[in-house]
Amino acid sequence: MLQKAVYLYLRRVPIVIGALLFFFPLLAIFTSLNALFENLFDFNFYRTFLTAALALITGWSVVLTGRLVLINGQERFGTLPTGVEAGSLSQKGSLWALVLALPTLFVQFVKLSTFAPHPGDTMSLRGIAIVNISAVLLGAFAAYFLAWAGVYLSVFLAPAGTQVSTARSFPVPPFLAGLRRAISRADARGPLDGFWARLGPHIAGARPGLREGLVDDNGFPLSGIWLATSLGIVTLALYELIDWYKLTQLGVSDSYFPAFFFVLWLLLNANWVLSFIAFFLDRWRIPLLIPFTILCVVSTVAPSNDHYYTVKTGATIRSVPPADVLHNRWFNSEDCHVVLAATAGGGIQSAAWTARVLTGLQKASSKLPNRQGCFGRSDFASNLTAVSSVSGGAVGAMFFLNQYVANVKGFNASQAQMEEMIKDAEQPSLDDIAWSLVYHDIPRLYTPFTVNRKLDRGYLLEQLWRSRGDINANLSNWQEGVLEGWRPVTIFNSTFAESGEPLLFSTSDISDPGVPVHRWNFTSKYRNMDIPVVTAVRLAATFPYVSPAARADTAKPEFHVVDGGYYDNYGVASLVRWLYDGVTLRALSANGEPAQITWKEPEKKILVVQILSFPPDAEAKPVGNKSGFFQLYAPLDALIGVRTTSQLLRDQDALESLQKHWPCKVAQATFQFDGNDAPLSWQMNRTQIDEIERQWKKFEEPAEDTIRNRQYNPHDEFLAVSCFLDESQPECRDRKRKKAEPQNDCSH
Numbered sequence: 080m081l082q083k084a085v086y087l088y089l090r091r092v093p094i095v096i097g098a099l100l101f102f103f104p105l106l107a108i109f110t111s112l113n114a115l116f117e118n119l120f121d122f123n124f125y126r127t128f129l130t131a132a133l134a135l136i137t138g139w140s141v142v143l144t145g146r147l148v149l150i151n152g153q154e155r156f157g158t159l160p161t162g163v164e165a166g167s168l169s170q171k172g173s174l175w176a177l178v179l180a181l182p183t184l185f186v187q188f189v190k191l192s193t194f195a196p197h198p199g200d201t202m203s204l205r206g207i208a209i210v211n212i213s214a215v216l217l218g219a220f221a222a223y224f225l226a227w228a229g230v231y232l233s234v235f236l237a238p239a240g241t242q243v244s245t246a247r248s249f250p251v252p253p254f255l256a257g258l259r260r261a262i263s264r265a266d267a268r269g270p271l272d273g274f275w276a277r278l279g280p281h282i283a284g285a286r287p288g289l290r291e292g293l294v295d296d297n298g299f300p301l302s303g304i305w306l307a308t309s310l311g312i313v314t315l316a317l318y319e320l321i322d323w324y325k326l327t328q329l330g331v332s333d334s335y336f337p338a339f340f341f342v343l344w345l346l347l348n349a350n351w352v353l354s355f356i357a358f359f360l361d362r363w364r365i366p367l368l369i370p371f372t373i374l375c376v377v378s379t380v381a382p383s384n385d386h387y388y389t390v391k392t393g394a395t396i397r398s399v400p401p402a403d404v405l406h407n408r409w410f411n412s413e414d415c416h417v418v419l420a421a422t423a424g425g426g427i428q429s430a431a432w433t434a435r436v437l438t439g440l441q442k443a444s445s446k447l448p449n450r451q452g453c454f455g456r457s458d459f460a461s462n463l464t465a466v467s468s469v470s471g472g473a474v475g476a477m478f479f480l481n482q483y484v485a486n487v488k489g490f491n492a493s494q495a496q497m498e499e500m501i502k503d504a505e506q507p508s509l510d511d512i513a514w515s516l517v518y519h520d521i522p523r524l525y526t527p528f529t530v531n532r533k534l535d536r537g538y539l540l541e542q543l544w545r546s547r548g549d550i551n552a553n554l555s556n557w558q559e560g561v562l563e564g565w566r567p568v569t570i571f572n573s574t575f576a577e578s579g580e581p582l583l584f585s586t587s588d589i590s591d592p593g594v595p596v597h598r599w600n601f602t603s604k605y606r607n608m609d610i611p612v613v614t615a616v617r618l619a620a621t622f623p624y625v626s627p628a629a630r631a632d633t634a635k636p637e638f639h640v641v642d643g644g645y646y647d648n649y650g651v652a653s654l655v656r657w658l659y660d661g662v663t664l665r666a667l668s669a670n671g672e673p674a675q676i677t678w679k680e681p682e683k684k685i686l687v688v689q690i691l692s693f694p695p696d697a698e699a700k701p702v703g704n705k706s707g708f709f710q711l712y713a714p715l716d717a718l719i720g721v722r723t724t725s726q727l728l729r730d731q732d733a734l735e736s737l738q739k740h741w742p743c744k745v746a747q748a749t750f751q752f753d754g755n756d757a758p759l760s761w762q763m764n765r766t767q768i769d770e771i772e773r774q775w776k777k778f779e780e781p782a783e784d785t786i787r788n789r790q791y792n793p794h795d796e797f798l799a800v801s802c803f804l805d806e807s808q809p810e811c812r813d814r815k816r817k818k819a820e821p822q823n824d825c826s827h
């Protein structure tokens, strides 16, 4: 028993990597983690082929590195117990590689109906299963020949006669048996024999602790070590080739490399590197943690290890007071209403739901008679005055707001273009995030210098959104038209990580109440600086570990910016603050003198549209006694509760206060997604996309049912917006819904 325990410790790296390879797919599909990870396994033919091949290669690498201790451990460590031998490559090793990869090959078929193409596609589920099984078999075929290439390379390039046992034990089909016999001859010669003859004596003369268990008495690499090294070289070449290809495709989504493919690369590389370091250092009982801690500490002095976002200097940013925005919108057009929208956070689910709600309201309102509303237009987009968005909601809002253009002085998107907006918001970003994380962000932790320090997963998100929506504007460009009334105010909410203070990327001024802590606006915090819209949205959606906390790329110390959900996950607080600024600040009159805003007839109305992208949390229930371990995670448990339920209650209080004290009529409409299986990652499967559409139909079309025993019909929320824009509609005349009734007269 003790003998096996010693060997288990020395093989800890391949054991841990193998356990992750085996159990992670099962946990991702069959546990509560599925909301985060199940879409990692949304594969098509190409994805299945590549993932199957790499999963088998990763399993093979675990087997090889585990065998190193059994084959060469006695020479390396000297005092190991005897009686434990390595199995042959052709027997247990091959079987274990398949077993470790089996969950990856299997789990995609468990959710086949979820991941399958839309019902309108011609291929049946059975046909899709057959195609994916074919891809698995082709992937296994490719993995085998990649492993064979590694074996052949190890024998071909090694000193003559040193790799005979490796070649003879590798299983090959009959048509390769002759080649195996040829390279496994003890007297076979390789192209590098002269090189090894010169190098060998120098290696053999090295200190015993450095070479024992790695090379033989002639200085030639031992069989197991050289085989793992050769296969590592082959996989490293493929690894770099994929990185080169992805760098040529920046901003372009492809269907070849899924996110889990890069997770497998992370496991594969970690196994090669950590296994070798552990095998080398275990002779002196040096834990793996020590060299990596030293490397991390040393690398922190290099500025390239931090994450940055681009700012543009020398910009001219105009002041856009909220009071002026309201004054010009209300009093320059008699029929202008003020529609305010707040969109909540929550990854790609929030992006898709926000885009669906905004475009859905615009499509429906564009059919209204053009006799009321701003500039003679009663559609939703023309009356939209301000949008405050957080995290994924900022992404969906960005695609919608990008359709306000100067040449028509307003919203300019056809029905087809609005459908494209929804598809843009639903497109996955997880694959490119995983690629950047594995290829660039994690390696930079252990490298003192990085060639392109801005190339990280946050930058990749920016390029994807820029390409999909053709979004090339800076934040200052979106100030155009705000004062004139044809473009709404944009507020993207983020947070300073070090201070916890809100940072708003806003196209209108927001006052600082003068207290010790601040609600910063980017334009006031960074004078004469501008920022691309996609960068502002990326920072508003910076929820580690999806995208990194980043600082402005300036010459002085700066705060790092993270997701706005840390401060307000629903976007309401900034919206209410901006609205109050509109009546508490003074606007400039025509001669430049301060003039208090006054309200005049006809009475002006306000509508607050709140977009919530997840169903309401189940009511928490008290429990009995908990174990002492609860104290370890209780602070985190409370933090999660505060970020959701507590913030929502606070925002509800703010909206109720607004309705009671605001001088104008205030109506409210809430569009809350109430479906199932909402993802928490940056990728949606077909079922989740269909659920977005199904839930929207409940708002758009009259129905008799209620949602989760809430005593209202979701169509009432849709009517609240429609009737706010045009009260002359027949179904608006008899509406009795108290929530949409006037709260106060609008008179000062």
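Numbering (our numbering), first residue to last: 80 to 827. Cβ coordinates follow ideal geometry from the N, Cα and C atoms, glycine included.
Would DSSP call F778 helix, strand or coil?
DSSP places F778 in helix when its eight states are reduced to three.
For the alpha helix (DSSP H) that L135 lies in, which residues bound it at each end?
L135 -> alpha helix (DSSP H) spans F124 to F156.
Can you check whether the CB of L540 is closer than 8 Å to the CB of S587?
No, the Cβ-Cβ distance between S587 and L540 is not below 8 Å.
Which runs of the alpha helix (DSSP H) at least 4 residues long sit entirely within the stretch 510-557? Give them in chain order.
Taking only runs of at least 4 residues, the alpha helix (DSSP H) segments lying wholly in the stretch 510-557 are 536-548.
Buried or exposed for E810, going by 16 or more other Cβ atoms inside 10 Å?
It counts as exposed.
Where do the N-terminal and C-terminal ends of the beta strand (DSSP E) with S468 fall, by residue?
Start and end: L463 to V469.
Evaluate T183 with the Cβ neighbour count: other Cβ atoms within 10 Å of its Cβ, from every protein chain shown; 16 or more gives buried, anything less gives exposed.
Buried is the call here.
Tell me the DSSP bridge mates of P300?
In the DSSP output, where bridge partners are listed per residue, P300 has V294.
Is the number of C-beta pairs between the stretch 427-435 and the stretch 391-403 that are closer than 8 Å three or more?
Taking 8 Å as the limit for Cβ pairs, the verdict is that the stretch 391-403 does not touch the stretch 427-435.
Answer yes or no: do D650 and S467 have a C-beta to C-beta separation smaller than 8 Å?
Inspection of the sequence shows that residue 650 is occupied by Gly rather than by Asp. Yes. Within cutoff.
Just the C-alpha distance for P636 and D385, rounded to the nearest angstrom, thanks.
So the two alpha carbons sit approximately 12 Å from each other.
Secondary structure at G489, three-state DSSP: helix, strand or coil?
G489: strand per DSSP, three-state reduction.
What's the gap between the Cα of R155 and the Cα of T574?
So the two alpha carbons sit approximately 52 Å from each other.
Tell me L691's beta-bridge partners as DSSP assigns them.
Answer is Q751, bridged to L691.
By alpha-carbon positions, which one of V616, G475 and F359 ends up nearest to L147?
When each option's Cα is compared against that of L147, the closest is F359.
Does R260 pass the burial test, meaning 16 or more other C-beta atoms within 10 Å, or should it be called exposed?
Under this definition R260 is an exposed residue.
Taking the beta carbon of Q762 as the centre, do at least 16 other beta carbons fall within 10 Å, making it buried, or is it exposed?
The residue in question, Q762, is buried, as its Cβ has 16 or more Cβ neighbours within 10 Å.
Look at the alpha carbon of R665 and the alpha carbon of A402, and state the distance between them as a whole number of angstroms.
Confidence in R665 is poor, its pLDDT being 43 and thus under 50, which makes the residue's placement unreliable; the coordinate value appears in the next sentence. When rounded, the distance between both Cα atoms is 7 Å.
Buried or exposed, going by whether 16 or more other CB atoms sit within 10 Å of the CB of S826?
With a pLDDT of 39 at S826, under the threshold of 50, the modelled position of that residue is not reliable, and the figure given next carries that caveat. S826 comes out exposed.
Over what stretch of residues does the beta strand (DSSP E) that includes N572 continue unbroken?
From DSSP, the beta strand (DSSP E) with N572 extends over V568 to F575.
If we ignore side chains and look at the alpha-carbon of each, how far apart do I690 and A208 end up?
For I690 and A208, the distance between alpha carbons rounds to 38 Å.
Is it buried or exposed for V487, if we count other Cβ within 10 angstroms and need 16 for buried?
By the neighbour-count rule (16 or more Cβ atoms within 10 Å), V487 is not buried but exposed.
Could you round the C-beta distance between G471 and S429 to whole angstroms and report it? I think they count as a contact, below 8 Å.
Sure, about 3 Å apart at Cβ, within 8 Å.
Report the rounded CA-to-CA distance for G424 versus S457, giving the unit in angstroms.
Cα to Cα, G424 sits roughly 28 Å from S457.
Measure the alpha-carbon distance for V95 versus Q328 and round it to whole angstroms.
Distance between the alpha carbons of V95 and Q328: 34 Å.
Quick check on R362: does DSSP put it in helix, strand or coil?
R362: helix per DSSP, three-state reduction.
For the stretch 482-502 against the stretch 301-311, are there 3 or more C-beta pairs whose distance is under 8 Å?
The stretch 482-502 vs the stretch 301-311: no contact.
On the premise that W514 lies in contact with F622, defined as a C-beta separation below 8 Å, what is that separation, rounded to the nearest angstrom?
Not confirmed; about 19 Å, so no contact.
Within a Cβ cutoff of 6 Å, which residues of the same chain sit near Y646, ignoring the five residues on either side of it in sequence?
Within the same chain, Y646 has close Cβ partners T574 and P581.
Taking DSSP's pairing of strands, which residues face L419 in a bridge?
Answer is A465 and V687.
What's the call for Y518, buried or exposed, on a 16-neighbour Cβ count within 10 Å?
Result: buried.
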